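K.L.:
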Amino acid sequence: MKAFVVRPGGPLSGTVRVSGMTKNSGLKQMAAALLAPGVTTLANMPAVADLDVMVNVLRSIGASIDWISPTEMQIDATGDLVPEAPYELVSRMRASINVLGPLLARCGWARVAMPGGDNIGSRKLDMHFRGLEALGAELSVAHGFIEARCSALAGARIVLDFPSVGATENLLTASVLAKGETVIENAAREPEISDLVELLTLMGARIDGAGTSTLWIEGVEEMRAVHHEVVGDRVEAGTLLMACGIAGGDITLEGIRLEHLEMVVVKLREMGLQVTETPDGLWARADHRLQAIDLATLPYPGFATDFMPMAVALLAVAEGTAIVTENVFDNRFGFVDELSRMGADVRNEGRHAVVRGVPRLSAAPVRALDVRAGAALVLAGLAADGETTVLERTHIDRGYADLAGSLRALGADIESVDR
Ligand code: EPU
Numbered sequence: 010m011k012a013f014v015v016r017p018g019g020p021l022s023g024t025v026r027v028s029g030m031t032k033n034s035g036l037k038q039m040a041a042a043l044l045a046p047g048v049t050t051l052a053n054m055p056a057v058a059d060l061d062v063m064v065n066v067l068r069s070i071g072a073s074i075d076w077i078s079p080t081e082m083q084i085d086a087t088g089d090l091v092p093e094a095p096y097e098l099v100s101r102m103r104a105s106i107n108v109l110g111p112l113l114a115r116c117g118w119a120r121v122a123m124p125g126g127d128n129i130g131s132r133k134l135d136m137h138f139r140g141l142e143a144l145g146a147e148l149s150v151a152h153g154f155i156e157a158r159c160s161a162l163a164g165a166r167i168v169l170d171f172p173s174v175g176a177t178e179n180l181l182t183a184s185v186l187a188k189g190e191t192v193i194e195n196a197a198r199e200p201e202i203s204d205l206v207e208l209l210t211l212m213g214a215r216i217d218g219a220g221t222s223t224l225w226i227e228g229v230e231e232m233r234a235v236h237h238e239v240v241g242d243r244v245e246a247g248t249l250l251m252a253c254g255i256a257g258g259d260i261t262l263e264g265i266r267l268e269h270l271e272m273v274v275v276k277l278r279e280m281g282l283q284v285t286e287t288p289d290g291l292w293a294r295a296d297h298r299l300q301a302i303d304l305a306t307l308p309y310p311g312f313a314t315d316f317m318p319m320a321v322a323l324l325a326v327a328e329g330t331a332i333v334t335e336n337v338f339d340n341r342f343g344f345v346d347e348l349s350r351m352g353a354d355v356r357n358e359g360r361h362a363v364v365r366g367v368p369r370l371s372a373a374p375v376r377a378l379d380v381r382a383g384a385a386l387v388l389a390g391l392a393a394d395g396e397t398t399v400l401e402r403t404h405i406d407r408g409y410a411d412l413a414g415s416l417r418a419l420g421a422d423i424e425s426v427d428r
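According to the working numbering, the stretch in the sequence shown is residues 10 to 428, in order.
This is the structure in structure tokens:
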């Protein structure tokens, strides 16, 4: 079994370059490349494990993928596509559902396996379905597959119940080729959406309102293949800032924009972490134990749910008591039991957790339940006496290009092992 072994360390020091956001941005752009019959190039795409799954999804659909450098891929979607995504692949990665919008727009039909729930909640698709139906598609679910058909998509006004990232993405990639104007109200505003809009616009789409809750899309006849560089990974950057908060020290992160991390930085500053913007990133320093504060997750620009598990690890060793509320997913506190095995004082009830800070944690073997839960345990290991083994590392590798490498570059004592 693959694991990380972490020994207590700090203060951290040094400079690291943050990777491209393959998991939450790049994978969606790979799916969007299906819209253009041509060769799309995506750069700043480090090879996280989920990328292999999307490569296989696109290959099974009929696109061909080539690596032209370790972080740059070409997607050739010139030929006829077979718009079907099989269960073996979709069940391994929910983001596979992002092929639904582009396939429907380009081929007029799609058959995509239902992804099901996962370790952080039930994760419904009702908003994807209602939005695509408003654009004129007919959808049904049978034998575990979503079947979607349309003779032609037509622009519509769609109001989302909640600013879902995935639904906004699927509706954007479907509506760019729909006839007439589409308006998506209560759209997600995450930087990953703005990055997708940037790609789609380069490809010829006409979209206004990226980064706001209302997106206007004027359908175009066709999309063209382009070259695009994926945005820096704000979650990796936030993870490293929190590592600095836990282990102390003085670090510089390159290749990231402060505006994408604004609320995290506001909260970390409130806790006592010094953070300053640099020309190409951020500088941070922690020279004392941080103070506990309450946190509640919200869609962007609120405190993102993807930072919550690492923030709980940080609060577990902060001074004082914090209440953490998870408003986005219905089951994201599973990792708390693992953290408690390391001596953290965390009580979870429904969507809330009370975290009472302790000065030190105690190393133990623990399991990564999902990508961010795993990252949280790695960070906890930096402040735990002894050797922490984070098992099921594959969950962490799904979203981080090289978390251990980045932490080691900052002076942390962490190694990857195969047991
Ligand atoms: N939801 C519905 N109906 C829908 C769609 C969503 O009820 O039709 C609910 C979900 O069940 C969930 C909430 O709305 O409770 C938010 O879901 P959203 O669609 O915004 O999330 P997602 O697109 O499935 C992406 C990221 C997540 C990130 C969320 C929120 C990817 C591959 N995943 O998921 O990333 O937490 O947006 O920002 O981009 C992670 O990186 O660890 C991760 C889980």
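For glycine and all other residues, C-beta sits at the position ideal for the given N, C-alpha and C. This one's a predicted model, so the numbers in the text were calculated from it and none came from an experiment.
Going by C-alpha distance, which of Ala-327, Leu-388 and Thr-314 is nearest Glu-347?
P.N.:
Here residue 347 corresponds to residue number 338 of the sequence shown, with the count starting at 1. Considering only alpha carbons, the answer is Leu-388.
K.L.:
Where Thr-221 and Met-102 are concerned, what is the direct C-alpha to C-alpha distance, given to the nearest angstrom?
P.N.:
In the sequence shown, residue 221 corresponds to position 212, counting from 1. In the sequence shown, residue 102 corresponds to position 93, counting from 1. Taking the straight line from one Cα to the other gives about 28 Å.
K.L.:
Helix, strand or coil, according to DSSP, for Thr-80 in the structure here?
P.N.:
Mapped onto the sequence shown, residue 80 falls at position 71. Reduced to three states, the DSSP call for Thr-80 is coil.
K.L.:
Along the chain, where does the alpha helix (DSSP H) that runs through Lys-37 open and close?
P.N.:
Residue 37 sits at position 28 when you count from the first residue of the sequence shown. Note, Lys-37: alpha helix (DSSP H), 36-41.
K.L.:
Would Ala-157 pass as a contact of Ala-165 if the rule is Cβ separation under 8 Å?
P.N.:
Working through the sequence shown from its first residue, we reach residue 157 at position 148. Working through the sequence shown from its first residue, we reach residue 165 at position 156. Against a cut-off of 8 Å, the Cβ pair of Ala-165 and Ala-157 comes out as no contact.
K.L.:
Going by other Cβ atoms of all chains shown within 10 Å of its Cβ, with 16 needed for buried, is Pro-368 buried or exposed?
P.N.:
To locate residue 368, count along the sequence shown from 1; it is residue 359. So Pro-368 ends up on the exposed side.
K.L.:
Using 8 Å for Cβ pairs, my map puts Gly-189 next to Gly-213. What's the rounded Cβ distance?
P.N.:
Working through the sequence shown from its first residue, we reach residue 189 at position 180. Working through the sequence shown from its first residue, we reach residue 213 at position 204. Actually they are not in contact, since the Cβ atoms of Gly-189 and Gly-213 sit about 16 Å apart, beyond 8 Å.
K.L.:
Do you know how far the Cα of Val-27 is from the Cα of Leu-249?
P.N.:
Here residue 249 is taken as the residue at index 240 of the sequence shown, counted from 1. Here residue 27 is taken as the residue at index 18 of the sequence shown, counted from 1. Between Leu-249 and Val-27, the C-alpha separation is close to 9 Å.
K.L.:
Which residues in the same chain as Ile-193 place their Cβ atom closer than 6 Å to its Cβ, once the five residues preceding and following it in sequence are excluded?
P.N.:
Taking the first residue of the sequence shown as position 1, residue 193 is located at position 184. If we look at Ile-193 and ignore the five residues flanking it on each side, its Cβ neighbours are Ile-167, Leu-180 and Leu-224.
K.L.:
Is it true that the region 123-133 meets the region 201-216, where meeting means three or more beta-carbon pairs spaced less than 8 Å apart?
P.N.:
Because the criterion of three Cβ pairs below 8 Å is not met, the region 123-133 and the region 201-216 do not touch.
K.L.:
Asp-89 and Gln-83: beta carbons closer than 8 Å?
P.N.:
Numbered from its first residue, the sequence shown carries residue 89 at position 80. Numbered from its first residue, the sequence shown carries residue 83 at position 74. Cβ distance not < 8 Å, so Asp-89 and Gln-83 don't count as in contact.
K.L.:
From Leu-419 to Met-351, what does the alpha carbon distance come to, in whole angstroms?
P.N.:
One-based indexing of the sequence shown puts residue 419 at position 410. One-based indexing of the sequence shown puts residue 351 at position 342. Answer to the nearest angstrom: the Cα atoms are 23 Å apart.
K.L.:
How about Ile-405 and Gly-383: do their beta carbons lie closer than 8 Å?
P.N.:
Start at 1 with the first residue of the sequence shown, and residue 405 comes out as number 396. Start at 1 with the first residue of the sequence shown, and residue 383 comes out as number 374. Yes, these two residues count as a Cβ contact at 8 Å.
K.L.:
Compute every distance between the C-beta of Ser-131 and the non-hydrogen atoms of ligand 1, then say whether any falls below 7 Å.
P.N.:
Position 122 of the sequence shown holds residue 131. Yes, since a heavy atom of ligand 1 falls inside the 7 Å radius drawn around the Cβ of Ser-131.
K.L.:
Is Ser-173 near ligand 1, judged by its Cβ being under 7 Å from some heavy atom?
P.N.:
Reading the sequence shown from its first residue, position 164 is the one you call residue 173. Yes, Cβ of Ser-173 sits closer than 7 Å to a heavy atom of ligand 1.
K.L.:
May I ask you to report which of helix, strand or coil DSSP gives Pro-200?
P.N.:
As a position in the sequence shown, residue 200 is number 191, starting the count at 1. Here Pro-200 sits in helix by DSSP.
K.L.:
Just how far apart, CA to CA, sit Leu-51 and His-269?
P.N.:
Here residue 51 corresponds to residue number 42 of the sequence shown, with the count starting at 1. Here residue 269 corresponds to residue number 260 of the sequence shown, with the count starting at 1. Cα-Cα distance, rounded: 20 Å.
K.L.:
At 4 residues or longer, what runs of the alpha helix (DSSP H) sit wholly inside the region 267-294?
P.N.:
List check, alpha helix (DSSP H) in window: 271-280.
K.L.:
Given a cut-off of 8 Å, decide if Arg-376 and Leu-400 are closer than it, judged by their beta-carbon atoms.
P.N.:
As a first step, residue 400 is located in the sequence shown; it is residue number 391 there, counting from the start. As a first step, residue 376 is located in the sequence shown; it is residue number 367 there, counting from the start. The answer is yes: Cβ separation under 8 Å.
K.L.:
How would you write the range of the beta strand (DSSP E) that Leu-224 sits in, first residue to last?
P.N.:
The residue you call residue 224 lines up with position 215 of the sequence shown. Counting along the chain, the beta strand (DSSP E) containing Leu-224 begins and ends at 223-227.
K.L.:
Enumerate in chain order the residues of its own chain whose CB-to-CB distance from Leu-60 is below 6 Å, with the five nearest sequence positions on each side excluded.
P.N.:
As a working note, residue 60 is residue 51 in the sequence shown. Correct list, in chain order: Thr-31.
K.L.:
Looking at Ala-295: is its Cβ nearer than 8 Å to the Cβ of Thr-182?
P.N.:
Indexing the sequence shown from 1 puts residue 295 at position 286. Indexing the sequence shown from 1 puts residue 182 at position 173. For Ala-295 and Thr-182, no; Cβs fall outside 8 Å.
K.L.:
Going by CA-CA distance only, name the one from Met-136, Leu-323 and Thr-334 that's closest to Gly-257.
P.N.:
Position 248 of the sequence shown, counted from the first residue, corresponds to residue 257. The shortest Cα separation from Gly-257 among Met-136, Leu-323 and Thr-334 belongs to Leu-323.
K.L.:
Out of Glu-424, Gly-29, Ala-320 and Leu-291, state which residue places its alpha-carbon closest to the alpha-carbon of Thr-261.
P.N.:
Taking the sequence shown and counting its residues from 1, the one referred to as residue 261 is at position 252. The shortest C-alpha separation from Thr-261 is found at Leu-291.
K.L.:
On the criterion of 16 or more Cβ atoms from any shown chain inside 10 Å, does Pro-79 qualify as buried, or is it exposed?
P.N.:
In the sequence shown, the residue the question calls residue 79 occupies position 70. When all chains shown are included, Pro-79 counts as exposed.
K.L.:
Here's the rule I'm using: 16 or more other beta-carbon atoms within 10 Å means buried, otherwise exposed. How should Ala-320 be labelled?
P.N.:
On the sequence shown, position 311 is the one that residue 320 refers to. When all chains shown are included, Ala-320 counts as buried.
K.L.:
DSSP beta-bridge partners for Pro-374?
P.N.:
Locating residue 374 in the sequence shown gives position 365, counting from the first residue. For Pro-374, which the question treats as bridged, DSSP gives the partners Thr-398.
K.L.:
Should Ile-155 and Leu-113 be called a contact, given that it needs their Cβ atoms to be closer than 8 Å?
P.N.:
Position 146 of the sequence shown, counting from 1, holds the residue named residue 155. Position 104 of the sequence shown, counting from 1, holds the residue named residue 113. No.
K.L.:
With distances taken from CA atoms, which of Gly-254, Pro-20, Leu-162 and Met-123 is nearest Glu-230?
P.N.:
What you label residue 230 is simply residue 221 of the sequence shown in a count that begins at 1. Out of Gly-254, Pro-20, Leu-162 and Met-123, Leu-162 has the C-alpha closest to the C-alpha of Glu-230.
K.L.:
Since Val-206 sits in a beta bridge, which residues does DSSP pair it with?
P.N.:
As a first step, residue 206 must be located in the sequence shown, where it is residue number 197. DSSP output for Val-206 lists no bridge partner at all.
K.L.:
Under the three-state reduction of DSSP, which class applies to Ala-86: helix, strand or coil?
P.N.:
Taking the sequence shown and counting its residues from 1, the one referred to as residue 86 is at position 77. Ala-86: coil per DSSP, three-state reduction.
K.L.:
Give me the Cα-Cα distance between Val-57 and Val-364, rounded to the nearest whole angstrom.
P.N.:
On the sequence shown, position 48 is the one that residue 57 refers to. On the sequence shown, position 355 is the one that residue 364 refers to. Taking the straight line from one Cα to the other gives about 31 Å.
K.L.:
In three-state DSSP terms, what is Asp-259?
P.N.:
Start at 1 with the first residue of the sequence shown, and residue 259 comes out as number 250. DSSP places Asp-259 in strand when its eight states are reduced to three.
K.L.:
Can you find the residues in the same chain that come closer than 6 Å, C-beta to C-beta, to Asn-357, ignoring five residues on each side of it along the sequence?
P.N.:
Start at 1 with the first residue of the sequence shown, and residue 357 comes out as number 348. Here the set comprises Phe-342 and Val-345.
K.L.:
From which residue to which residue does the alpha helix (DSSP H) around Gln-138 run?
P.N.:
Taking the first residue of the sequence shown as 1, we reach residue 138 at position 129. First, the amino acid is wrong: residue 138 is Phe here, not Gln. 135-143 is the extent of the alpha helix (DSSP H) around Phe-138.
K.L.:
What are the residues that DSSP puts in a beta bridge with Thr-306?
P.N.:
Taking the sequence shown and counting its residues from 1, the one referred to as residue 306 is at position 297. Paired residues: Phe-312.
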